[in-house]
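Visitor: Starting off with a structure, shown below.
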């Protein structure tokens with residue numbers, strides 16, 4: 009799924025300077041991309057606009073042929089559930105659920121046919137990330153790095169076209185961050201989804217195919 013951003017402006021208060029000011033870029037499908045910039049530069053805001061978690065004051069976000077501002081609430085819910093995977097700085101796993109139960113949560117709104125294949129897909133993905141032995145474990149009994157790998161599996165369970173990762177290594181030590189970066193790149197190559205990461209880590213950013221710099225509401229490509 010390619011992404012087209014046209015003259016995006018995002019402003020939270022009429023008297024404040026826009027967080028995003030006339031952003032226009034096209035992101036072809038199937039690549040790896042990073043967005044870097046100072047704290048408060050609007051990186052997460054931009055990711056939220058792409059992921060339909062927020063909307064611009066003006067301009068267009070197009071996911072494939074769909075203009076998100078013209079889509080109904082139901083259509084946007086389906087896009088988020090079926091087309092987009094999300095990974096955040098904290099894993100956001102539910103502590104009362106096992107690893108497998110957490111992974112299968114995004115499948116629940118889908119039909120029975122999809123649910124039936126999800127269990128085997130979850131097991132296969134857990135094997136890919138080296139956590140097949142943790143399938144019945146609870147998050148509280150696992151390391152932060154392990155939980156973040158489970159969050160990656162959960163984000164991929166519905167076979168999305170687009171994976172949005174907001175500071176995915178931000179809560180990890182260097183070794184765990186390196187492992188997670190390698191894992192994201194391996195899975196992207198294997199499943200050919202579009203990967204967009206927001207990060208402060210130049211080590212992570214430099215491993216993506218394209219890096220965008222966001223400063224003072226403006227975006228440039230390295």
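Numbering (the numbering used here), first residue to last: 9 to 230.
Beta carbons: idealized from backbone N, C-alpha and C, even for Gly.
Note that the coordinates shown come from a computational prediction; the quantities given were computed from them, not determined experimentally.
#1: Please classify residue 137 as buried or exposed, where buried requires at least 16 other C-beta atoms within 10 Å of its C-beta.
#2: Taking only runs of the alpha helix (DSSP H) that begin and end inside the segment 114-158, which ones reach a length of at least 4 residues, in chain order?
#3: Thinking C-alpha only, which one of 182, 98, 128, 207 is nearest residue 155?
#4: Quick check on DSSP: helix, strand or coil for residue 181?
#5: Just verifying my parser: in three-state terms, what is the DSSP assignment at residue 229?
#6: What three-state label does DSSP hand residue 192 in the structure shown?
#7: Assuming the contact rule is C-beta atoms closer than 8 angstroms, residue 91 and residue 13 should be a hit. Round their C-beta distance to whole Å, please.
#8: CB residue 115 to CB residue 133, shorter than 8 angstroms?
#9: If you follow the beta strand (DSSP E) that residue 213 is in, where does it begin and where does it stop?
#10: Output the residue ranges of the alpha helix (DSSP H) runs that lie fully inside the segment 19-100 and measure 4 residues or longer, sorted by chain position.
#11: Taking C-beta to C-beta, are residue 222 and residue 43 nearer than 8 angstroms?
#12: Just to confirm, are residue 18 and residue 57 a CB contact at a threshold of 8 angstroms?
#13: Just how far apart, CA to CA, sit residue 207 and residue 51?
#14: Given this structure, state the Cα-to-Cα distance separating residue 128 from residue 47, to the nearest angstrom.
#15: Taking buried to mean at least 16 other C-beta atoms within 10 Å of its own C-beta, is residue 166 buried or exposed?
#16: Assign residue 144 to one of two classes, buried (16 or more other C-beta atoms within 10 Å of its C-beta) or exposed (fewer than that).
#17: Skipping 5 residues on each side, what residues in its chain have a beta carbon closer than 7 angstroms to that of residue 73?
#18: For my contact list, residue 107 and residue 55 are in at a C-beta cut-off of 8 angstroms; report their separation, rounded to the angstrom.
#19: Do you know how far the Cα of residue 34 is from the Cα of residue 183?
#20: By DSSP, does residue 106 sit in helix, in strand, or in coil?
#21: Which residue's Cα is closest to the Cα of residue 147: 209, 111, 60?
Guide: Taking the definition as stated:
#1: As a working mapping, residue 137 is identified with position 129 in the chain shown. The residue is buried, with at least 16 neighbouring Cβ atoms inside 10 Å.
#2: 120-136
#3: Here residue 155 is taken as the residue at index 147 of the chain shown, counted from 1. For residue 155, the nearest C-alpha among the options comes from 98.
#4: For the purposes of this step, residue 181 is taken as the residue at position 173 of the chain shown. Looking at residue 181 - three-state DSSP - the assignment turns out to be coil, as it is neither helix nor strand.
#5: Taking the first residue of the chain shown as position 1, residue 229 is located at position 221. Strand.
#6: One-based indexing of the chain shown puts residue 192 at position 184. If DSSP states are grouped into helix, strand and coil, residue 192 belongs with the helices.
#7: Here the question's residue 91 lines up with position 83 in the chain shown. Here the question's residue 13 lines up with position 5 in the chain shown. Rounded, the Cβ-Cβ distance is 17 angstroms, inconsistent with contact.
#8: Counted from its first residue, the chain shown places residue 115 at position 107. Counted from its first residue, the chain shown places residue 133 at position 125. No, the pair does not count as a contact, with Cβ atoms beyond the cut-off.
#9: Here residue 213 is taken as the residue at index 205 of the chain shown, counted from 1. That residue, residue 213, is in no beta strand (DSSP E); its alpha helix (DSSP H) goes 210-213.
#10: 51-58, 81-90
#11: By 1-based counting over the chain shown, the position of residue 222 is 214. By 1-based counting over the chain shown, the position of residue 43 is 35. For residue 222 and residue 43, yes; Cβs fall inside 8 angstroms.
#12: By 1-based counting over the chain shown, the position of residue 18 is 10. By 1-based counting over the chain shown, the position of residue 57 is 49. It is a contact, given that the beta carbons lie within the stated cut-off.
#13: In the chain shown, residue 207 corresponds to position 199, counting from 1. In the chain shown, residue 51 corresponds to position 43, counting from 1. Those two C-alpha atoms are separated by around 8 angstroms.
#14: Taking the first residue of the chain shown as 1, we reach residue 128 at position 120. Taking the first residue of the chain shown as 1, we reach residue 47 at position 39. Going from the Cα of residue 128 to the Cα of residue 47 covers about 40 angstroms.
#15: One-based indexing of the chain shown puts residue 166 at position 158. Label assigned to residue 166: buried.
#16: Stepping through the chain shown from its first residue, residue 144 is reached at position 136. Exposed, since its Cβ has fewer than 16 Cβ neighbours within 10 Å.
#17: Position 65 of the chain shown, counted from the first residue, corresponds to residue 73. Correct list: empty, nothing qualifies.
#18: What you label residue 107 is simply residue 99 of the chain shown in a count that begins at 1. What you label residue 55 is simply residue 47 of the chain shown in a count that begins at 1. Contact doesn't hold; Cβ gap of about 26 angstroms is too wide.
#19: Along the chain shown, read from residue 1 onward, the residue named residue 183 stands at position 175. Along the chain shown, read from residue 1 onward, the residue named residue 34 stands at position 26. The alpha-carbon atoms of residue 183 and residue 34 are separated by roughly 33 angstroms.
#20: Stepping through the chain shown from its first residue, residue 106 is reached at position 98. Three-state DSSP puts residue 106 in coil, outside helix and strand.
#21: Here residue 147 is taken as the residue at index 139 of the chain shown, counted from 1. The residue with the shortest Cα to Cα distance from residue 147 is 111.
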